[in-house]
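Trainee:
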Amino acid sequence: MENLYAVVVTYNRADFLRNLLDSFARLNTPPTHILVVDNASTDHTAGVVADAISGQGPRIQYERLDRNAGGAGGFSRGVELALESGAEWLWLMDDDVEVLPGAVEALDKFTADYSCMIGRRYDANGKPFFWQHHFVEALGIFLPVSRDVFKHSDVFRTNVGNFEGMLVKASVVRDIGLPDPRFFITWDDLIYGWLAAQRTPVVYVNAFVIRKVRAQRQVDLGLRHLNDSSDLSRRYVMRNRGHVAHYLKAYGKYNRAGFAAGTALTFLKEMVRLMLVERTLKGTGALWQGWRESRAILADTGWKPMPPLPAHPGSGSQRV
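Throughout, the working numbering is defined as the position within the sequence shown, counted from one, plus 10.
1. Between the segment 97-114 and the segment 17-30, can you find at least three pairs of beta-carbon atoms closer than 8 Å?
2. Thinking C-beta only, is Ile186 closer than 8 Å to Pro318?
3. Out of Glu12, Ser64, Tyr264, Gly80, which one is the CA nearest neighbour of Ala148?
4. Can you name the start and end residues of the beta strand (DSSP E) that Trp101 belongs to?
5. So the beta strand (DSSP E) Ala217 belongs to, where does it begin and stop?
6. In chain order, what are the residue ranges of uninterrupted beta strand (DSSP E) at least 3 long that sit wholly in the segment 260-308?
7. So, do the segment 108-126 and the segment 172-181 have three or more beta carbon pairs nearer to each other than 8 Å?
8. Label Leu233 either buried or exposed according to how many other C-beta atoms from any shown protein chain fall within 10 Å of its C-beta, with 16 as the threshold for buried.
9. Could you round the C-beta distance between Asp48 and Tyr15 to whole angstroms and report it? I think they count as a contact, below 8 Å.
10. Thinking just about the alpha-carbon of each residue, which of Phe193, Ser163, Gln66 is nearest to the one in Ala35?
11. Nearest to Asp164 by CA position, among Arg305, Val213, Ala113, is which residue?
12. For Ser327, is the classification buried or exposed, using 16 other Cβ atoms within 10 angstroms of its Cβ as the cut-off for buried?
13. How far does the alpha helix (DSSP H) with Arg87 in it extend, from its first residue to its last?
14. Please work out which residues of its chain come closer than 6 Å, Cβ to Cβ, to Arg249, disregarding the five sequence neighbours upstream and downstream, and give them in chain order.
15. Can you look up Thr55 in the DSSP assignment and give me helix, strand or coil?
16. Could you spell out where the alpha helix (DSSP H) holding Phe26 opens and where it closes?
17. Which one of Asn13, Val247, Arg266, Asp241 has the shortest CA to CA distance from Asp199?
18. DSSP three-state label for Asp76, please.
19. Determine the extent of the alpha helix (DSSP H) in which Met248 is found, giving its start and end residues.
20. Helix or strand or just coil, what does DSSP make of Leu233?
21. Might you give, ordered along the chain, the residues of its own chain that have their beta carbon closer than 8 Å to the beta carbon of Ile195, omitting 5 neighbours on each side?
22. Can you tell me which of the three DSSP states Phe193 falls into?
23. Between the alpha carbons of Ser325 and Gly96, how many angstroms are there, rounded?
24. In whole angstroms, what separates the C-alpha of Ile307 from that of Asn38?
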């Protein structure tokens with residue numbers, strides 16, 4: 011992969027970020043460039059980045075935002091900067107993971123055929139983490155795939171994204187626009203992958219490339235894992251249903267009754283998460299607040315999707 015830019019968004023996780031930057035330095039083939047977008051952290055993040063810049067690893071660019079724009083806003087700014095700097099491939103990831111030796115080579119095997127892909131991930135305990143999902147447009151929710159997706163092939167086609175290692179070609183990004191900062195947190199990566207899937211195959215590939223470092227409480231339900239959450243995340247899981255609905259409408263794939271059912275299922279899933287993982291019902295108020303906010307977003311008649319971006323100078327009108 012030429013001009014591979016890793017885009018990392020961080021917020022008050024300096025020690026996790028240090029570990030991630032160290033793991034980049036240990037790669038057999040590191041990215042050409044690492045862009046760290048700091049969501050106005052108040053810890054020692056700036057010092058961690060300064061240490062990494064003075065080291066022997068890949069070139070690092072640091073962008074500190076003047077406010078916390080959430081993961082969605084951070085990735086939106088990071089992707090914008092990467093494109094301005096001439097990135098041809100973008101590797102998007104959170105700060106609480108580490109990349110595994112050989113990750114770039116493992117992904118590169120698939121880049122001749124695919125322009126958007128997601129590698130596999132180990133959990134903090136070293137076990138494979140199941141995150142193979144598919145977005146059900148009629149309901150406006152994503153559901154786990156109930157089978158071994160790599161039993162017969164090292165590639166499984168999907169229509170979702172994940173910002174813990176999603177690799178996407180710059181030409182696809184220009185087609186679909188920047189990640190939508192209005193999501194703030196949650197749903198942003200899923201919808202970004204769905205937008206990419208409207209233009210090019212999006213695939214899971216059978217290559218372990220990332221390990222989650224931050225341990226989370228979780229319940230294994232067999233078909234899927236449920237991790238712990240927060241009131242902020244619960245609020246935005248429901249709030250951002252409004253943005254999801256608008257994107258489905260923009261592509262002529264919105265089903266009002268089905269979407270309402272999907273919203274009810276989303277609420278139910280979060281209630282199950284509260285009861286089984288966190289063993290409390292105190293987060294119910296955040297869910298209702300998010301639902302009310304989603305109604306206001308849905309009523310916004312001026313809402314528009316993120317616009318496509320101009321082609322890179324010299325690239326003509328190439329599309330993937």
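Glycine included, C-beta positions come from ideal geometry on N, C-alpha and C.
Mentor: By the coordinates alone:
1. Put simply, the segment 17-30 touches the segment 97-114. At least three CB pairs are less than 8 Å apart.
2. yes
3. Tyr264
4. Element bounds for Trp101: 99-104.
5. 212-222
6. Counting only runs of 3 or more, we get nothing.
7. Touching, per the Cβ criterion.
8. Its pLDDT being 47, under 50, Leu233 is placed unreliably in this model, and the value from its coordinates should be taken loosely. Exposure of Leu233 is indicated by the presence of fewer than 16 other C-beta atoms within 10 angstroms of its C-beta.
9. Between Tyr15 and Asp48 the Cβ distance is about 16 Å, and since that is not below 8 Å, they are no contact.
10. Residue Gln66 is the option with its Cα nearest to Ala35.
11. Put simply, of Arg305, Val213, Ala113 the residue whose alpha carbon is nearest the alpha carbon of Asp164 is Val213.
12. Residue confidence for Ser327 is low, a pLDDT of 36 falling below 50, so the modelled location carries little weight and cannot support an answer.
13. 80-94
14. Result list for Arg249: Gly300, Glu303, Ser304, in chain order.
15. Residue state, collapsed to three classes: helix.
16. In the DSSP assignment, Phe26 falls within the alpha helix (DSSP H) that extends over 24-35.
17. Val247
18. coil
19. 241-249
20. With a pLDDT of only 47 at Leu233, under 50, the local geometry of the prediction cannot be trusted, and the value read off the model is given with reservation. Correct three-state label for Leu233: coil.
21. Close CB contacts of Ile195 within its chain, under the 8 Å cut and outside five residues either way in sequence, are with Gly80, Gly81, Ala82, Leu242, Ser243, Tyr246 (chain order).
22. Three-state DSSP puts Phe193 in a helix.
23. Because the pLDDT at Ser325 is just 48, under 50, the model does not fix this residue reliably, and the value given afterwards should be weighed accordingly. Going from the Cα of Ser325 to the Cα of Gly96 covers about 11 Å.
24. 46 Å
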